[in-house]
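Number 17 in the numbering used here belongs to position 16 of the sequence shown; there are no gaps in the numbering.
C-beta: ideal position from N, C-alpha, C; glycine also.
Since the model is a prediction, treat every value here as computed from it, not as a measurement.
Below is one structure, written out as structure tokens; the observations come after it.
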Amino acid sequence: MTIVELIRAFGRDLPVGILITDASIERPGPIIVYANSAFGRLVGRDPDEIIGQSPRFMQGKETRQATLDAFHRALRAGERFHGYLTNYRGDGTKYRAEIDCRPLRNVCGEIEGFISFEREVARRIGRPFESRGGRYEAISISNDLLGDALRSLGVFSSGDANSRPPQSAALF
Ligand SMILES: Cc1cc2nc3c(=O)[nH]c(=O)nc-3n(C[C@H](O)[C@H](O)[C@H](O)COP(=O)(O)O)c2cc1C
């Protein structure tokens, strides 16, 4: 079973958006090879429609170039990118996305693709961003077992985006 098949099997009904791309970083890559239904709902597109496209289709006027550059550098270095971007839906509306993107490595350590967990967040009102929980909060929070599993994998956390600004998010 390949990594993508594995994620396809358990990611289908997860309440968090999952996107998998191939390992190509330079245009026209990275190319989307899998999106779960929560990702389709997040971005307002049929998941099957976006297979074969690059995640750049979500970018628009307010998508910050400095953050995209940090994203690109992280992908090139084979490192995790955890930050926030303004993404655009199929109908042109924008949303703030928290993106936790990691390389998928095979047993030899070679990068076979990238996986990102994505969710919509909203800016916290009336709290300094240094406070516990950070500058943003999730629009919907799941308390199910899979949510617990993601938390135990450190998805959307790890002492950066939720407690202090990660290097990439500090660019906002
Ligand atoms: C798995 C994965 C998910 C991504 N999700 C997004 C996204 O939601 N929004 C976005 O603007 N870019 C996203 N990107 C980043 C773009 O594909 C691209 O890497 C970014 O624009 C920086 O590279 P560039 O300077 O070549 O455009 C994602 C990349 C990967 C690998």
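The alpha helix (DSSP H) runs of length 4 or more contained entirely in the segment 50-108 are, from start to end of the chain, 66-78. Non-local C-beta neighbours of Phe72 in its own chain, meaning closer than 6 angstroms and more than five positions away in sequence, comprise Phe82, ordered along the chain. Beta-bridge analysis with DSSP links Arg42 to no other residue.
By the Cβ criterion, the segment 32-40 is in contact with the segment 3-18, since at least three pairs of Cβ atoms, one from each stretch, lie closer than 8 angstroms.
Beta-bridge partners assigned by DSSP to Ala10: none are found. Note that the C-beta distance between Leu86 and Arg97 is below 9 angstroms. With 16 or more other Cβ atoms inside 10 Å of its own Cβ, Pro56 counts as buried. Taken atom to atom, the span from the alpha-carbon of Phe115 to that of Ser25 is near 9 angstroms. For the pair Arg124 and Arg136, the CB atoms are nearer than the 9 angstroms cut-off. Inter-residue distance for Gln54 and Ile126 is about 35 angstroms (C-alpha atoms, whole angstroms). A residue is listed when its beta-carbon falls short of 7 angstroms from at least one non-hydrogen atom of ligand 1; in chain order these are Leu20, Ile21, Thr22, Ile26, Glu27, Arg28, Pro31, Ser55, Pro56, Arg57, Met59, Gln60, Thr64, Leu69, Asp70, Phe72, His73, Leu76, Leu86, Asn88, Ala98, Ile100, Cys102, Phe115, Ile116, Ser117, Glu119. At the C-beta level, Ile8 and Ile33 stay beyond 9 angstroms of one another.
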